[in-house]
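Heads up, the thing below is written out as C-alpha cells.
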Amino acid sequence: MYIPKHFQVTDRTLLHGLMERFSFATLVTTHEGRPFATHLPFLVYPGVGDLGLLAGHVSRANDQWRDFADGSEALAIFQGQHAYISPSWYQVHPSVPTWNYMVVHAYGVPRVIEDGARVREVLGALVDKHEGAFDEPWRLDGLPDDYLDKMTRGIVAFELPIARLEGKFKLSQNRSEIDQRQVVESLASSADPLERELAAAMAAAM
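Each number in this note's numbering corresponds to the 1-based position in the sequence shown with 28 added.
The following block contains the structure:
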C-alpha cells in the first residue's frame, strides 16, 4: 500500500483497535493467477505472535481456501471510517477535493484449521462476538449436534498469522492546523455517525 510518511501509523494498539472495530474485512488471495476476494468477518487476536493472528471461515464451495495450500501470502483489508472532504472547508485556496480514511492491511500465509475442536471454537467465538450486545444472545452450542456437524462440514475455518501490518490514517495531516480544525468541525456536524467518528479521530491525532 502506498503510504506517505505523514499518513503512516505503526502503533499496534491503534491498528488492532481498528481491525476489531471494523472486523468485517476483505480477504485477497491469488487464485489461478488472478486476484480473488472474499468479504467476511474476522476474529482478531492481538496478543498471538509478534503482530497478531486472524481467524475466520469461508464456504467450502468457495475455492479461495484452496489458495492457502501453496503457502502464498494473503492480504486482509480492514476499512475504518472514511469521508469526502470538500475544499470549501479549507482556508487555503485554490484547493481540490479529497477523501480522508483509516485503513489497515494485514498480510500473512493462511492455514486451514483441521482440528474439529478448534473449528468449533472459532465459530463459537464469532457468534459470541456479534451476539454479545443482544439481551438474549443466541448460542452456537444450542444447536443439535448432528445439525452443527452438517453445517460445519460446509465451511473451511482458517487462521492467518500476521507477518506484516500496515496502517494508513489519512486525516488531513498534510494541511495547516486551521484547515484541519475546519475539516473536523464540518465532519463533526454531519448526520452520518461514521463521519462524526472520523472527526473525533482527526481531533485526537492533531
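Where a beta carbon is used, it is the ideal one built from N, C-alpha and C, also for glycine.
Between the alpha carbons of residue i and residue j, how many angstroms are there, rounded?
i, j, result
"ALA232", "VAL120", "22 Å"
"MET234", "PRO74", "26 Å"
"GLU223", "HIS34", "21 Å"
"LEU154", "GLY144", "16 Å"
"ALA134", "ALA89", "25 Å"
"VAL211", "TYR129", "13 Å"
"GLU205", "PRO221", "23 Å"
"THR38", "GLU60", "33 Å"
"MET230", "ASP174", "50 Å"
"ILE190", "PRO115", "38 Å"
"GLY136", "MET47", "15 Å"
"GLN125", "ALA97", "As written in the sequence, residue 125 is Pro, which differs from the Gln given in the question. Roughly 44 Å separates the two Cα atoms."
"LEU176", "ALA185", "14 Å"
"GLU159", "ALA83", "18 Å"
Among the options, which one has its Cα closest to the Cα of residue i?
i, options, result
"LEU43", "ALA228, ILE206, ASN202 and PHE197", "PHE197"
"GLY80", "ARG88, LEU71 and SER87", "LEU71"
"ARG146", "TRP166, HIS85, SER200 and ALA89", "HIS85"
"ARG62", "SER100, ILE113 and PHE50", "SER100"
"ALA216", "ALA111, MET47 and ALA102", "ALA111"
"LEU193", "THR126, GLU60, GLY77 and MET230", "GLY77"
"LYS157", "ILE183, GLY45, PRO69 and PRO32", "PRO69"
"GLN208", "GLY170, ILE183 and TYR118", "TYR118"
"PRO32", "SER218, ASN202 and LEU226", "ASN202"
Is it right to say residue i is buried, meaning 16 or more other beta carbons lie within 10 angstroms of its own, or is it exposed?
i, result
"TYR30", "exposed"
"PHE162", "exposed"
"PRO165", "exposed"
"GLU213", "exposed"
"GLU18", "Summary: the structure shown does not reach residue 18, with the chain confined to residues 29 through 234, and so no result is reported for it."
"SER200", "buried"
"GLN92", "buried"
"PRO138", "buried"
"ALA227", "buried"
"ALA219", "exposed"
Nearer than 7 Å: is that true of the beta carbon of residue i relative to any heavy atom of the ligand FMN?
i, result
"LEU226", "The ligand FMN is not among the ligands present in this structure, which contains no ligands whatsoever."
Taking contact to mean at least 3 C-beta pairs separated by less than 8 Å, is the region 48–59 in contact with the region 105–112? yes
Which ranges does the beta strand (DSSP E) cover as unbroken runs of at least 3 residues, wholly within the region 177–232, from first to last along the chain? 183–189 and 192–198
Hey, which unbroken runs of the beta strand (DSSP E) at 3 residues or more fall wholly within the region 100–163? 102–113 and 126–136
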